[in-house]
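Participant: Residue numbers (full-length UniProt numbering): 1 to 181. A virtual CB, placed ideally from N, CA and C, is assigned to each residue, including glycine. Computed from a prediction, not measured in an experiment: that's the story for all the values here.
#1: Which residue wins for smallest C-alpha separation from residue 103, given the options 51, 160, 89, 59?
#2: Would residue 146 and residue 64 be called neighbours here (beta carbons separated by less than 7 Å)?
#3: With the cut-off set at 7 Å, would you say residue 53 and residue 101 are in Cβ contact?
#4: Scan the stretch 6-50 and note each continuous alpha helix (DSSP H) run of 4 residues or more that stays entirely inside, going in chain order.
#5: Taking all protein chains shown into account, decide if residue 75 is buried (16 or more other Cβ within 10 angstroms of its Cβ) or exposed.
#6: Just reading off the alpha helix (DSSP H) that residue 83 is part of, what are its end residues?
#7: Let's test the definition: count the other Cβ atoms within 10 Å of the Cβ of residue 93 and tell me whether it reaches 16, buried, or not, exposed.
#8: Counting only the same chain and skipping the five closest in sequence on each side, list residues whose C-beta sits under 6 Å from that of residue 29.
#9: According to the neighbour-count rule (16 or more other Cβ atoms, all chains shown, within 10 Å of its Cβ), is residue 158 buried or exposed?
#10: I'd like the list of long-range same chain contacts for residue 35, defined as Cβ closer than 8 Å, with 5 residues on each side in sequence excluded.
#11: Just curious, the alpha helix (DSSP H) that residue 69 is in, first and last residue?
#12: Here's the rule: buried if 16 or more other CB atoms are within 10 angstroms of the residue's CB, otherwise exposed. What is residue 77?
#13: Would you call the CB atoms of residue 95 and residue 110 closer than 7 Å?
#14: Between which two residues does the alpha helix (DSSP H) harbouring residue 159 extend?
#15: Taking the beta carbon of residue 49 as the centre, do at least 16 other beta carbons fall within 10 Å, making it buried, or is it exposed?
#16: If you draw a straight line from the C-alpha of residue 154 to the C-alpha of residue 71, how long is it?
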């Protein structure tokens with residue numbers, strides 16, 4: 001996927017807003033891979049102005065934030081792009097990834113960091129064996145609270161709750177039991 005700088009995106013958006021060219025015309029004229037990309041830029045610009053194109057440093061989304069985004073999308077029927085615009089998430093594909101992870105692997109999958117860790121400035125990780133019992137319980141409680149909130153939202157909206165979300169004993173407590181010796 002090609003990277004486009006801010007001034008280029010603004011130029012294309014302004015050309016569209018002049019009303020003389022369609023998304024497809026602009027995509028062809030500027031060799032942009034598809035008219036949907038142009039439409040995405042226009043939608044982002046209309047929602048947030050020029051700041052939509054400024055590079056944000058890596059944002060970290062909490063599990064609760066991810067659940068709120070998915071709940072909003074489900075209850076309002078908003079598209080991925082509309083939801084991304086509403087929550088100022090730069091790429092709607094991120095929301096799609098969260099939804100897929102949640103459906104396939106449950107809420108624990110939303111808590112896992114994405115991708116490989118950076119090779120520079122690695123923060124020291126606390127191994128589970130080194131984690132105190134209190135820290136492990138607090139982490140488990142946070143995940144369980146988020147999971148319960150999500151299940152309640154699903155029930156309130158009349159959704160079927162996937163069976164893997166209704167397990168009797170959370171996996172995280174099983175893994176804690178192994179390390180608490």
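Facilitator: Considering the structure as presented:
#1: 160
#2: yes
#3: no
#4: 6-17, 23-29, 35-48
#5: exposed
#6: 80-87
#7: exposed
#8: none
#9: exposed
#10: 22, 23, 24, 26, 27
#11: 63-76
#12: Exposed: under 16 other Cβ atoms inside 10 Å.
#13: no
#14: If you look at residue 159, you'll find it isn't in any alpha helix (DSSP H); DSSP assigns it neither H nor E.
#15: exposed
#16: 8 Å
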